[in-house]
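S.K.: Can you keep this structure in mind? I'll have questions shortly.
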Amino acid sequence: MDWREVAALIFDDVEKEAAEIEAAYPRRNLKEGACVTRFAPSPTGYMHVGGLYAALVSWRMAAQSDGVFYLRIEDTDAKREIEDGIGQIVSALHQYGIEFDEGPFEPERGVYGPYIQSHRKQIYRAYVKRLMEEGGAYPCFCTEEALAAIRKEQEEKKEDMGYYGEYAACRKLSPEEAYERVKRGDKFVVRLRSNGDKEKKAVCHDLIKGDIELPENINDVVLLKTDGIPTYHAAHAIDDYLMGTTHVIRGDEWISSYPIHEQLFAAFGFPLPAYAHIAPIMKSENGSKRKLSKRKDPEAAVSYYSEQGYPKESLIEYMLTIANSDYEEWRRDNPEADNSEFEFRLSKMSVSGALFDIVKLNDISKRVIAEKTEEQLFEEIKAWAANYDEKLSAIIEADEEKFKGSIKLWKYNGNKVRRDVGKWSDLSEMYPYLYNLEKTIDAYEFDETRPKEDIIELLDAYLEGYEFDTDAEKWFEDVKVIAGAKNYCANKKEYKANPEAYKGMIADACGMLRVAVTGHKNTPDLYSIIQFVGKDIFEARVRACIEKLK
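Using the numbering used here, the letters of the sequence shown map in sequence onto residues 1171 to 1720.
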């Protein structure tokens, strides 16, 4: 008896042999140098900003080389899967302009599928069957208790952990012994029969980090679990070969797995793809750096940027600055160019972790927002508010044209475009007097040297004497008349000649009115603010201010 008979017994459900499957996956007919890359998440629905970063890099490498970028769903761990997890991932990437050439869509796009690993079980089993027929894999019947005992012994002896050499008990089974145990119904996994030597090195020719030497893999790693589902290692090798992946771009936490993958590709007879291991996105905390954490950091989730209202271009622009060291210089030289014109290079990526700088993201986003037209701003704010800011959405729906008019207030300072707003959630925080009409003003930035009695006197007089429904010119004339009656000078020369004769200038009176309505000394045009909030809210704010001053 040989291992072919054991394989025939274990894999009696396999309908197509590996050679037949391979014939259905022809080599891709692409131009020389074209990159075939993939994004291969689990369908958990959660998108880490590091995942978006890796997807962006993979997408750019494929797009600029006229290659192929595809989505493959790695759902071999069904416990982590959520309903519509795939849809949420695709939607998150689509929102940031990242599109796939192939993947598990409706209908499926591409001829190298299925693109969901749980739908490829027969493919994996066919390849592992062939490997077992060749003696490169074997069934392992060790129980959890037996494996725990091995780990304990290795810990006590301070030896390398794993299932290898003298500790790989089932590796020593003959085909006859293995056959009988399978026939008997004993539970088993299928393991690789490693030919590694820990005294030798596996060299990863990494496209970002350069050559990396690691000890060869000596572990007889699991290829198929007890339920017949493949491990990540086995599925990765088989899928990347059949789907024609030329460049595996992934986080550098996978570097330690490279010797296993190199060995698996060789065992299956596959050519090795190129590897590029991306350094993680880091966060500065208490003087040290750590990885952005899903548990600790809200900004680790891609959804955070949608919730906060960052324009999609802002996050992509920022990621390109941390991905390639020469992107910022290119952007300065090409301020109006689409970022797709930038030649992205793996060799320009950081070897160590890039520090995530929210201040820099905000600065980039302020520039992006400043460059948008009023109509673009309106459409994007409206769409964002509908999902994330109920109060702001209600203001927009009540009078769209009026809201459009308010955009001018914070977009311009005279003829100059301002760069104050970095995200849509800033609007209610920076301009609560415009967009959070129910908010009470808690603090007023009045000149501390001015007597409260003077402020109250002016505000009372204004409420008694003003007209709401006037144009800007008439409004200002009314202010001058009302303030003039309270001894505020309209003529700068007269005031400078004898300042003690007046309580201040008309500008001072306008300033007091501004603070009463907004709480702030510096705001956009006061008349426009008054008209935007409306007569009732304007008067209520002035009266509330008077009461607070008393």
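By construction, the Cβ of each residue, glycine as well, lies at the ideal position given by its N, Cα and C atoms. Bear in mind the structure is a predicted one, so any value in this text is a computation, not a measurement.
Pick helix, strand or coil for ARG1748, following the three-state DSSP scheme.
M.R.: The structure shown does not extend to residue 1748, since the chain spans only 1171 to 1720, so no value can be given for it.
S.K.: Please name the residue, chosen from MET1489, TYR1445, LYS1357 and GLY1306, that lies closest to SER1535 on a Cα-to-Cα basis.
M.R.: For the residues MET1489, TYR1445, LYS1357 and GLY1306, the minimum Cα distance to SER1535 belongs to MET1489.
S.K.: Ends of the beta strand (DSSP E) at HIS1417?
M.R.: Element bounds for HIS1417: 1417-1421.
S.K.: If we ignore side chains and look at the alpha-carbon of each, how far apart do GLY1523 and GLY1220 end up?
M.R.: When rounded, the distance between both Cα atoms is 11 Å.
S.K.: For ILE1378 and ILE1425, I'd like the C-alpha separation in whole angstroms.
M.R.: Computed Cα separation, rounded: 12 Å.
S.K.: Among the residues of its own chain, which have a CB less than 7 Å from the CB of TYR1605, if the five just before and after it don't count?
M.R.: If we look at TYR1605 and ignore the five residues flanking it on each side, its Cβ neighbours are LEU1562, ILE1565, LEU1597 and SER1598.
S.K.: Strictly by DSSP, which residues pair up with TYR1308?
M.R.: ARG1361, per the DSSP bridge assignment.
S.K.: Cβ of ILE1611 within 7 Å of Cβ of TYR1632?
M.R.: No, Cβ-Cβ distance for ILE1611 and TYR1632 is not below 7 Å.
S.K.: Is the CB-CB distance between ILE1256 and PRO1213 below 7 Å?
M.R.: Yes.
S.K.: Identify the continuous alpha helix (DSSP H) that holds LEU1629 and give its terminal residues.
M.R.: LEU1629 -> alpha helix (DSSP H) spans 1622-1635.
S.K.: Hey, is the region 1269-1279 in contact with the region 1384-1392, meaning 3+ C-beta pairs nearer than 8 Å?
M.R.: The region 1269-1279 vs the region 1384-1392: no contact.
S.K.: Flag this pair as yes or no: are the beta carbons of LYS1622 and LEU1696 separated by less than 7 Å?
M.R.: Going by C-beta atoms, LYS1622 is not nearer than 7 Å to LEU1696.
S.K.: Mapping the DSSP letters down to three states, classify CYS1340 as helix, strand or coil.
M.R.: Three-state result, CYS1340: helix.
S.K.: Ignore the nearest five residues each way along the sequence and tell me which others in ARG1300's own chain have a CB closer than 6 Å to its CB.
M.R.: Excluding positions up to five away in sequence, the list reads ALA1188.
S.K.: How many whole angstroms separate the CB atoms of HIS1264 and ALA1470, which I take to be in contact at a CB cut-off of 8 Å?
M.R.: 20 Å between Cβ atoms; not a contact.
S.K.: I'd like to know whether the C-beta atoms of ASP1390 and ARG1361 end up nearer to each other than 7 Å.
M.R.: Against a cut-off of 7 Å, the Cβ pair of ARG1361 and ASP1390 comes out as a contact.
S.K.: Quick check: what's the CA-CA separation for ALA1677 versus GLY1654?
M.R.: When rounded, the distance between both Cα atoms is 11 Å.
S.K.: Any idea if VAL1712 is buried or exposed, counting beta-carbon neighbours within 10 angstroms, 16 or more meaning buried?
M.R.: Result: buried.
S.K.: List the endpoints of the continuous alpha helix (DSSP H) containing LEU1724.
M.R.: This structure leaves residue 1724 out entirely; the chain is present only between 1171 and 1720.
S.K.: With C-beta atoms as the reference, is SER1235 less than 7 Å away from GLY1203?
M.R.: It is a contact, given that the beta carbons lie within the stated cut-off.
S.K.: For LEU1462, name the three-state secondary structure that DSSP assigns.
M.R.: Looking at LEU1462 - three-state DSSP - the assignment turns out to be coil, as it is neither helix nor strand.
S.K.: If I measure Cβ to Cβ from GLU1570 and keep anything under 6 Å in the same chain, skipping five residues before and after, which residues do I get?
M.R.: Within the same chain, GLU1570 has no close Cβ partners at all.
S.K.: Rank TYR1658, ARG1363, CYS1680 and ALA1679 by C-alpha distance to the C-alpha of GLU1670 and give the top, closest one.
M.R.: Closest by alpha carbon: TYR1658.
S.K.: Answer yes or no: do LEU1412 and TYR1195 have a C-beta to C-beta separation smaller than 7 Å?
M.R.: Contact: yes.
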